[in-house]
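Heads up: the structure comes next, in structure tokens.
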Amino acid sequence: MSVLFAGALMACGKTTTGEANYQIIPLPQEISNVEGQPFMLTSATKVVYPEGNEMMKRNAEFLSEYLHISMGIVLEATSTATDDKQIELALGLENDNKEAYRLEVTENKVIITGATEAGVFYGIQTLRKAVPLGDAIASLAAVTINDAPRFGYRGVMLDVARHYQPVAFVKKFIDLLAMHNINRFHWHLTEDQGWRIEIKQYPKLTELGSMRKETVIGNNSPEYDGKPHGGFYTQEEIREIVAYAQERYVTTIPEIDLPGHMMAALTGYPEFGCTGGPYEVATSWGVFDEVLCAGNEGTYTFLENILTEVMEMFPAEYIHIGGDEVPKVRWEECPKCQAKIKELGIKGDDKHTKEHYLQSYLTARIERFLNDNGRRIIGWDEILEGELAPNATVMSWQGMGGGIQAAQMGHDVIMTPNTYVYFDYYQTANTEDEPTAIGGFLPLEKVYSFEPAPESLTPEQRGHILGAQANLWTEYIPTPEQAEYMLLPRMAALSEVAWSQPEKKDYYNFLTRLPQLTDLYSKAGYNFATHVYDVQAKLEPNFQTNALDVEFSTLADSPIYYTLDGSEPTKSSNEYVGKFTVKEDAKIKAAAFANGKLSSKIFSEEIKMSKSSYKPITMLSTAARGYSFNGAPLLVDGLYGSSNYKTGRWIGFQGADLVVVIDMLQPTEITEVKFNTNVVTGDWIFDAEEVIVETSNDNETFETIVSEKGLNVKEEHWQDVVNHEFTFDATTARYFKVTIKSLSEMPEWHSGKGRGAYVFVDEISLN
Ligand code: ACM
Ligand code: ZN
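Under our numbering, the first residue of the sequence shown carries the number 301, and numbering increases by one thereafter.
The following block contains the structure:
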């Protein structure tokens, strides 16, 4: 490395001095200041590794490479010790945790001692994140850092099947894992929309299965882009990537997702599907009925042959066999699958159908094959349906529940709940300015709040939680730049969740340490999301003062200026000096001004008051699980939702109606009621079926003033915020009861036909 960069040294070496900052991410367990002068790190400093240890030599070269990125200097890596002023890499730290390290800085020496070479590598990561960026000389204050990870499994999954990602990016992604002390790369290689791994015995997997003829536009809109999309990794490329990761102490775990998500494989090998095909590589997103036939013995041979080649490419103990989202409709009708069920004597019970148990049989059989070859399986939490394969590790993605259940059964668990670590979800509520994502709402703070080993488990059960992982599904992520944008800085939060001790976690402290890391992202050429640097607004309805309390903050503590009339904020606008209240309609805009210049995006929010704003409101029905947010008060807070129904501005009901009583506190004349519904039929969210408004002066006997049925039920792919407005003769009353009914049966054309739809409402205004 040093030879490679020698020319660059002259060009960019500035001789300014900066100070190291050990308050890095992930926060080390113990940072102790030590008496004495700082160590001055310069281009003359050598990195010394133990003679004859190739991994330690590579570690030394990594440090040199990293400091070149950060400081523009190149340190010589050598196994020949000089007397002093050097960085020494050493082994032999006594610690049960194999990834532990100690970093000791004194005036004359920097010593990184690891329990293993991996530990030394993490000490190197700490040092490279602590040095000042852009200065050719670093002053490292004397310190002793003792550090070790909380969890042994710290992972990120990359889906290269929905969108193929080039080899160069996969390597850059692995560099990113290393920077965040992540040690597992879960590589999702096969999908309905593309098979991306060369299997020599089955060439059609990639010849036909790696290419789809086109891709749907947006969230499964009716339109397609007409552009073929494809790509796969040769076995040679796979080996190269696995080795690249291994050098950085990252274990690559391949996933062959079976028996569902197999449309691409079936395209080349239709004989392993229940119907025999023909099949086509999927061009839209979702879960497809076409899965592998579990009644055909040939399917098992097919899978075992594929997995044999997979094992040759991937030395890791774990092979991920998927198992998620396997519709059973083909199996229910397939003579071979039904014959297999009969042959095995499989029966359904009140918990699971016989087809669920057929999947358990298939999973257990694949597990036995891999166990016999010295490997272990990981499966998505659906493998809990039916009977869990005896030695399986469960990857909990549908929230934490599956993982909790598996740990209680004594199985190992990796927590990857979609509620905390699905990095394909939106990271801001303001989705209008974002590249299209799959949906969801997962801001940085939510990721940071993730606790992988919940208190509800016993200490022994908690011991089965191997660690945490984030997943990056790429349906809506076509490019490396966008992948980076979705990963960063959320991966920084994950890193602290998986590495640091929970009692040290503090989101606001984390935020103070973040700029140093995002500056490094910039230096290293990564694209990252900057929402965390924008003006953050806390908008709290205050039912005592009948107004909205507004608080602003910025990470950088720059002055904030704001307006209330919708005009662009400038330095002559109101300067924010502390919490204020808004009592009337307002169009709030706010921005930070660092050094007198606009330095953030402009925050913008429209407040629309009505006579019912901040009036006491009582809910007489129950919101849907996960969609109640702040409850009824959000319906009278003057704040409106965007098209994203998960941000907390909308409240949702399913199989129940929204029923509230608003107490106007005194008889009040009202002539209209307004509300919006958020409709996303693809997510089972429809417009209201019926609206009833009743009035009362004693909150006991009510009189109906509005009753409207049959609001819109349009055709498929309907996604909109729908405004409803009902006017009536002036009516004076104290209590207004509003009932907004959810659609009780979804229409014939919908996949959920006959079942109850959701209804989502953001505000009810009476005027
Ligand atoms: C998954 O998100 N289907 C594992
Ligand atoms: Zn079948």
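Beta carbons are placed, not taken as given, at the ideal position from N, Cα and C, and that holds for glycine.
Roughly how many whole angstroms lie between the Cα atoms of residue i and residue j?
i, j, result
"E990", "V1038", "11 Å"
"Q501", "E571", "16 Å"
"K1009", "I962", "22 Å"
"P350", "E580", "55 Å"
"A400", "L327", "14 Å"
"K974", "L1066", "7 Å"
"Y776", "A543", "29 Å"
"L684", "A706", "8 Å"
"L670", "E491", "21 Å"
"N691", "H711", "7 Å"
"V1006", "H1024", "12 Å"
"S302", "E365", "Confidence at S302 is low in this model, with a pLDDT of 33, below 50, so the placement of that residue should be treated as unreliable; the coordinate-derived value is given next. Those two C-alpha atoms are separated by around 7 Å."
"L393", "I553", "28 Å"
"S928", "A441", "50 Å"
"K887", "T317", "46 Å"
"S942", "G739", "12 Å"
"L363", "F614", "27 Å"
"L772", "A923", "30 Å"
"T315", "I437", "6 Å"
"Q761", "Q708", "6 Å"
"Q465", "L603", "25 Å"
"T534", "V470", "14 Å"
"K871", "T863", "11 Å"
"N421", "A377", "For the sequence presented, residue 421 should be read as Phe rather than Asn. Taking the straight line joining both Cα atoms gives about 15 Å."
"D650", "P735", "44 Å"
"I331", "P789", "24 Å"
"T575", "T653", "21 Å"
"L403", "G419", "10 Å"
"N519", "I992", "33 Å"
"P841", "S904", "17 Å"
Cβ atoms of residue j and residue i: under 8 Å apart, would you say?
i, j, result
"L433", "D819", "yes"
"K879", "E906", "no"
"A793", "A837", "no"
"K357", "L375", "no"
"S900", "Y807", "no"
"S510", "W487", "no"
"C593", "K628", "no"
"G955", "G1056", "yes"
"T716", "A770", "yes"
"L744", "Y725", "no"
"S343", "R428", "no"
"M909", "G931", "no"
"S756", "I714", "no"
"I678", "L607", "no"
"M791", "H480", "yes"
"I1040", "A988", "yes"
"V550", "F485", "yes"
"L811", "I325", "no"
"M1046", "W950", "no"
Taking residue i and residue j to be in contact with their CB atoms under 8 Å, please state how far apart those CB atoms are, rounded to whole angstroms.
i, j, result
"T971", "A1030", "5 Å"
"L1071", "A565", "Within the shown structure, residues of the chain are numbered from 301 to 1067, placing residue 1071 beyond reach of any answer."
"N333", "Q816", "Wrong, their Cβ atoms sit about 18 Å apart, outside the cutoff."
"Y722", "K746", "With 8 Å as the limit, Y722 and K746 do not qualify as a contact, their Cβ atoms being about 11 Å apart."
"L1069", "I499", "Past the edges of the chain, shown from 301 to 1067, lies residue 1069, and the structure says nothing about it."
"I482", "S696", "So it is not a contact: roughly 18 Å between Cβ atoms."
"T406", "A390", "Not really, about 14 Å apart at Cβ, beyond 8 Å."
"G568", "V591", "With a Cβ gap of about 15 Å, G568 and V591 do not count as contacting."
Counting contacts by CB-CB distance shorter than 8 Å, is residue i in contact with chain B?
i, result
"E994", "The chain inventory of the structure shown lacks chain B, comprising one protein chain alone."
**Report entry** Test item, CB below 5 Å from any non-hydrogen atom of the ligand ACM
**Finding:** D624, W680 and W697
Report task. Can you list the residues near the ligand ZN, meaning Cβ strictly closer than 7 Å to any non-hydrogen atom, in the order they appear in the chain? Result -> C574, C593, A594, G595, N596, R630, W631, C634, K636 and C637
**Report entry** Length-filtered (4 minimum) alpha helix (DSSP H) runs lying within the region 456 to 535
**Finding:** 467 to 479 and 504 to 507
Query raised in the report: What are the start and end residues of each continuous beta strand (DSSP E) run of 3 or more residues lying completely inside the region 972 to 1006, in chain order?
Result: 990 to 996
Query raised in the report: What are the uninterrupted segments assigned as alpha helix (DSSP H) that are 4 or more residues long and contained completely in the region 623 to 677, given in chain order?
Result: 629 to 633, 635 to 644 and 654 to 672
Report task. Starting from the N-terminal side, write out each stretch of the beta strand (DSSP E) that is 3 residues or longer and does not extend beyond the region 882 to 920. Result -> 886 to 894, 903 to 907 and 917 to 919
Query raised in the report: Where in the region 334 to 374 do unbroken runs of the beta strand (DSSP E), each at least 3 residues long, occur, reported from the N-terminal end onward?
Result: 339 to 341 and 346 to 348
Query raised in the report: Hey, which unbroken runs of the beta strand (DSSP E) at 3 residues or more fall wholly within the region 370 to 436?
Result: 376 to 378, 386 to 391, 401 to 405 and 409 to 414
Query raised in the report: What are the complete alpha helix (DSSP H) segments, minimum 4 residues, inside the region 925 to 949?
Result: none
Report task. Could you name each continuous alpha helix (DSSP H) segment of 4 residues or more that falls completely within the region 805 to 837, going from the start of the chain to the end? Result -> 807 to 824
Report task. Starting from the N-terminal side, write out each stretch of the beta strand (DSSP E) that is 3 residues or longer and does not extend beyond the region 549 to 632. Result -> 551 to 555 and 618 to 620
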